[in-house]
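Each remark here refers to the structure printed beneath this line.
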Amino acid sequence: MSKSLGNVIDPNKIISQYGSDAFRYFLFREVAFGEDGNFSEKALATRINNELANELGNLLSRTLTLVEKFSEGKIPKGQKSSPLSTSFKKTIREADAFIDKYEFHHALETIWKFIADANKHIDSQKPWDVAKHESKASKAKLNDIIYQSCEALRAISVLAEPFMPNTSLEIRNQLGIRDGELSLAKFKWGQLKAGTLIKKGDILFEKIDFEKAGFEDPFEKLDLKVGQVWEVKLIEGADRLYQLKVHLGKNGHRQIVAGLREHYTIAQLKGKKVVVVANLKPVKLRGVLSQGMLLAAESKDAVGLLTLENSNPGDDVFIYGLEKKPVENLGIDDFVKITLKVKGGSVFYKDKPLQTGKEMVRADKVKDANKVR
183 MSKSLGNVID PNKIISQYGS DAFRYFLFRE VAFGEDGNFS EKALATRINN ELANELGNLL
243 SRTLTLVEKF SEGKIPKGQK SSPLSTSFKK TIREADAFID KYEFHHALET IWKFIADANK
303 HIDSQKPWDV AKHESKASKA KLNDIIYQSC EALRAISVLA EPFMPNTSLE IRNQLGIRDG
363 ELSLAKFKWG QLKAGTLIKK GDILFEKIDF EKAGFEDPFE KLDLKVGQVW EVKLIEGADR
423 LYQLKVHLGK NGHRQIVAGL REHYTIAQLK GKKVVVVANL KPVKLRGVLS QGMLLAAESK
483 DAVGLLTLEN SNPGDDVFIY GLEKKPVENL GIDDFVKITL KVKGGSVFYK DKPLQTGKEM
543 VRADKVKDAN KVR
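Per the numbering used here, the sequence shown starts with residue 183, numbered consecutively.
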């Protein structure tokens, strides 16, 4: 980073947007202490979503929900030890050794393995199924599952405190713990008092919407392929529609319904190489299943398919510099957010050409257009 390059990051701005604990966590987890490292808001947001919100935040939320639902909002009675207590002792030893060597990123990795164990404890014990049985043994088992999860959270609050002090305090507050700071030296499993009234509050970490934050481009969700039209049929009672069979190379054939009868004859379509939205959610049009969509440009004077000459069926169609991360069954609402334009017969997205590895995509019959659908 340098002022001359104009890429200096203002830590106060990052903290105001994401919080100091999330920023501290990212720097400790992402960058080896004393070494150079890479920073991006997208990488920070990814760790917030995947590790802080999905793993730690979710553990707190689901545990306290169990306390509210099955224990009247109070910590139930449980055993003084469990497989989680064994995992915790191992975590202390390993994290302590890493901290002694200033390997804070490995210490946090170890702590997060314990968080994963705590989440697996709930998943494997299935408290919601145990609660269906009304016997005393089932009630005692349910109470212990919940207790061990609460005790794991208390332990996590101590383990994570050097890295995320505010988050650790918030976990203890929501657990109803009022004994101030805890220390690993004095920590013993099973000290959480049964009957403690929890104070479930806000979620620990808000998940970040990548698209709204500008970290994810809607174009990345598309799976565009080169397709070649093999067969064209009329659809009875539909004056504007064709039923097409389109070859997508190793991806097989797709049946696609397209409103092209006013613009192309059957002979003009057969053999044409076109751009197919291959991951669009299948729909029925006039009772015929359509498994994708052909892209076409529309101007005042003409409608023209997006076409290719030298590419092969099944080839990827992409924008250079944008990673392809296609989603399954893309909704039409997501597709219409993407604005493609035609300039001089070529197709662009945000001034970057739509292309394959062999050529740029061209618009048939259309030189300039602001609408591609």
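Note that beta-carbon positions come from the ideal geometry of N, C-alpha and C, so glycine has one too. Given the structure is predicted, the values throughout are model-derived calculations rather than measurements.
Task: DSSP state of residue 535 mapped onto helix, strand, coil - done: Strand, per DSSP.
Open item on the list: What does the alpha-carbon distance come out to for the pair residue 443 and residue 405?
Closed with: C-alpha separation (whole angstroms): 25 Å.
Task: Buried versus exposed, by CB contacts within 10 Å (16 or more), residue 418 - done: By the neighbour-count criterion, in which 16 or more other beta carbons inside 10 Å mark a residue as buried, residue 418 falls on the exposed side.
Task: Cα-Cα separation, residue 274 to residue 237 - done: The alpha-carbon separation between residue 274 and residue 237 amounts to approximately 19 Å.
Open item on the list: So the candidates are 544, 291 and 399; which of them puts its Cα closest to the Cα of residue 516?
Closed with: Comparing Cα positions, the closest option is 399.
Open item on the list: For residue 197, which residues in the same chain have their Cβ closer than 8 Å to its Cβ, ignoring the five residues on either side in sequence?
Closed with: These residues qualify, in order along the chain: 205.
- [ ] From the DSSP output, in three-state form, read off residue 451 for me.
- [x] Assignment of residue 451 by DSSP, reduced to helix, strand and coil, places it in the helix class.
TODO: Please name the residue or residues paired with residue 545 in a DSSP beta bridge.
DONE: Looking at the DSSP assignment, residue 545 forms a beta bridge with 488.
- [ ] Pick out whichever of 432, 464 and 479 has its Cα sitting closest to the Cα of residue 445.
- [x] Comparing Cα positions, the closest option is 479.
Task: Member of 353, 286, 439 and 522 whose CA lies at the smallest distance from the CA of residue 415 - done: Closest in alpha carbon position to residue 415, among 353, 286, 439 and 522, is 439.
Open item on the list: I need the straight-line Cα distance from residue 459 to residue 492, nearest angstrom please.
Closed with: Taking the straight line from one Cα to the other gives about 19 Å.
- [ ] Give a yes or no on whether the C-beta atoms belonging to residue 513 and residue 379 are separated by under 8 Å.
- [x] No, the Cβ-Cβ distance between residue 513 and residue 379 is not below 8 Å.
Task: Which of helix, strand or coil DSSP assigns to residue 525 - done: Per DSSP, reduced to three states, the secondary structure at residue 525 is strand.
Task: residue 324 versus 348, 267, 261 and 298, residue with shortest Cα-Cα distance - done: Taking residue 324 as reference, the option from 348, 267, 261 and 298 with the minimal CA-CA separation is 261.
Task: Minimum C-alpha distance to residue 341 - residue among 289, 377, 315 and 551 - done: Taking only the C-alpha atoms, the option nearest residue 341 is 289.
Open item on the list: Alpha carbons only, please: which of 536, 337 and 532 is nearest the one belonging to residue 178?
Closed with: Any property of residue 178 remains undetermined from this structure, which presents the chain solely from 183 to 555.
Task: residue 360 (DSSP reduced to helix, strand or coil) - done: When secondary structure is reduced to three states using DSSP, residue 360 falls in the coil class, being assigned neither helix nor strand.
- [ ] Tell me whether the beta-carbon of residue 543 lies closer than 8 Å to the beta-carbon of residue 411.
- [x] Cβ distance not < 8 Å, so residue 543 and residue 411 don't count as in contact.
Open item on the list: Which residues does DSSP list as the beta-bridge partners of residue 409?
Closed with: Its beta-bridge partners are 456.
Open item on the list: Let me check understanding here. Comparing Cα to Cα, which of 494, 524 and 209 lies closest to residue 488?
Closed with: Comparing Cα positions, the closest option is 524.
- [ ] Would you mind stating whether residue 235 and residue 387 have Cβ atoms separated by less than 8 Å?
- [x] Residue 235 is a Cβ neighbour of residue 387, given a cutoff of 8 Å.
- [ ] Use the C-beta contact count for residue 257: other C-beta atoms within 10 angstroms, 16 or more gives buried, fewer gives exposed.
- [x] Buried.
TODO: State yes or no: is the C-beta of residue 259 within less than 8 Å of the C-beta of residue 334?
DONE: Not closer than 8 Å, so no.
TODO: Could you tell me if residue 511 is buried or exposed, where buried requires 16 or more neighbouring beta carbons within 10 angstroms of its beta carbon?
DONE: With fewer than 16 Cβ atoms within 10 Å of its Cβ, residue 511 is classed as exposed.
Task: Inter-residue Cα distance where the pair is residue 339 and residue 533 - done: Straight through space, the alpha carbons of residue 533 and residue 339 are spaced by roughly 49 Å.
- [ ] May I ask which residues mark the beginning and end of the beta strand (DSSP E) holding residue 438?
- [x] Residues 435 to 440.
Open item on the list: Using a Cβ-Cβ cutoff of less than 6 Å, which residues in the same chain neighbour residue 485 once the five nearest sequence positions on both sides are dropped?
Closed with: Answer for residue 485: 445 and 478, listed in chain order.
- [ ] Can you grab the Cα-Cα spacing for the pair residue 224 / residue 213, in whole Å?
- [x] The alpha-carbon atoms of residue 224 and residue 213 are separated by roughly 15 Å.
- [ ] Pull up the distance between the alpha-carbon of residue 207 and that of residue 346, whole angstroms please.
- [x] About 7 Å.
Task: CB-CB length for residue 293 against residue 277, believed under 8 Å - done: Yes, residue 293 and residue 277 are in contact; Cβ-Cβ is about 6 Å, under 8 Å.
Task: Through-space distance from residue 372 to residue 222, alpha-carbon basis - done: Their Cα atoms are separated by approximately 41 Å.
- [ ] Could you check if residue 233 is buried or exposed, using at least 16 other CB atoms within 10 Å of its CB as the buried criterion?
- [x] Result: buried.
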